[in-house]
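Working notes, structure below.
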Amino acid sequence: MQEIARTLASAGVGLVWVTLFHLVPLAASALGWWTLLAPFDRRPLGTVAAARWIAESINQLLPALHVGGNIVRARLLARSGVPAALAGASVVVDITLHLFAQILFTFLGLAVLVAHVRGSGLERNVVAGVLLSAATASAFYLVQRRGLFGAMAVVLRRILGSVDWSALTARAGEIDAWISRLYGHRRVLAVSEACHVASWMLGAGEIWLALRFLGHPVDVPTALVFESLGEAVRTLAFPVPGALGVQEGGFVVLGRLFGLTPEMSVALSLTKRVRELSLGLPGLLVWQARSTASAVGRRRARKT
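Take the sequence shown: its position 10, counting from 1, is numbered 771 in my numbering, and each next residue is one higher.
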């Protein structure tokens, strides 16, 4: 532990630069979401980016199973004036494009790994994980095109019996209709997907910077392998809050293939933890401040 602490401390002010650099891929991801919305409701990019930042903060720091943050960002967008059904539909489509972009990025990282480190046995496990992710993302897309929310409303109505579900069914139908409209703009989808792919690619810069400040510089392809396969491990370990321990173990395995000591690999993982806290805690505070202000506003409105 002392060696890990010393290695992490050696980065010094570099941890600040790693944290700030994360704003670049975060902005690219927000741009992809904003691109989806633009043909229907052109909110300021800053509004969309703030909601995306808060969602990431919730998903990374709270036991939300990567669901809670996305619900919150849909609600934040609706509060800014976007129709609620469009806000929810845009988040669903954005999640789908984000998943497919990650799958492409993971395949790229796998190709680099195979080219540099043959016969490690790791690639078989990665391929299995990527194929599982691809199947899941494809299934998610297909059920969306078949009216996911309308079907869910029907199931709830059947399970819970005679309660009047007309309002819920109507809202579910609106979301399904918006999802269909969003998928109908193929050029917009292509641009949005390109933004998400760029976001994943830029994330490799965070690894590249971190290892440079930690005193073990690597080339861009190596950083790309760490980022792509490390994030793939995090995604597959979504039931574990923050992928605690899982990310560190994955980095140790990858580090051995590229000559990093276990202490260096764990320190690298901890630089990402520092970044998550540095950007995530302010995100949670902003979210709570906005929620409190919204609640106070509603109370005042009821009194008048």
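Ideal Cβ placement from N, Cα and C applies to all residues, glycine included.
Rounded separation between residue i and residue j - CA only
i	j	result
residue 773	residue 975	9 Å
residue 838	residue 829	14 Å
residue 1001	residue 1064	43 Å
residue 938	residue 798	14 Å
residue 1113	residue 958	A question about residue 1113 goes unanswered here, because the residues of the chain that appear run from 762 up to 1065.
residue 890	residue 990	10 Å
residue 841	residue 1032	34 Å
residue 932	residue 911	9 Å
residue 822	residue 1034	10 Å
residue 857	residue 988	20 Å
residue 1050	residue 833	13 Å
residue 923	residue 901	With a pLDDT of only 49 at residue 923, under 50, the local geometry of the prediction cannot be trusted, and the value read off the model is given with reservation. C-alpha separation (whole angstroms): 29 Å.
residue 888	residue 1059	50 Å
residue 779	residue 788	15 Å
residue 770	residue 1029	11 Å
residue 1054	residue 1045	14 Å
residue 1062	residue 811	26 Å
residue 1068	residue 784	Any answer about residue 1068 is impossible in this case: the structure gives the chain only from 762 up to 1065.
residue 1057	residue 935	29 Å
residue 1052	residue 874	44 Å
residue 995	residue 946	31 Å
residue 906	residue 777	43 Å
residue 1020	residue 764	17 Å
residue 1015	residue 997	16 Å
residue 950	residue 762	46 Å
residue 813	residue 831	8 Å
residue 941	residue 1011	38 Å
residue 775	residue 1040	15 Å
residue 978	residue 1042	29 Å
residue 898	residue 1005	24 Å
residue 871	residue 885	10 Å
residue 1007	residue 962	22 Å
DSSP three-state assignment for residue i, whether helix, strand or coil
i	result
residue 1005	coil
residue 995	helix
residue 803	coil
residue 772	coil
residue 762	coil
residue 907	coil
residue 980	coil
residue 966	helix
residue 785	helix
residue 1069	The question about residue 1069 has no answer here: the residues shown for the chain are numbered 762 through 1065.
residue 1023	helix
residue 828	coil
residue 1058	helix
residue 841	coil
residue 849	helix
residue 945	coil
residue 792	helix
residue 823	coil
residue 1038	helix
residue 975	coil
Anticipated Cβ contact below 8 Å, residue i with residue j, distance rounded
i	j	result
residue 1024	residue 768	6 Å
residue 969	residue 986	That pair is no contact at about 11 Å.
residue 955	residue 984	The Cβ separation is near 21 Å, so there is no contact.
residue 786	residue 960	4 Å
residue 1047	residue 815	6 Å
residue 944	residue 854	7 Å
residue 852	residue 876	That pair is no contact at about 36 Å.
residue 801	residue 847	6 Å
Legend entry - Any 3 or more C-beta pairs closer than 8 Å across the segment 861 to 878 and the segment 887 to 901: yes
Inset, instruction - Evaluate the contact criterion for the segment 787 to 797 versus the segment 851 to 863: three or more CB pairs, one atom per stretch, below 8 Å. - result: yes
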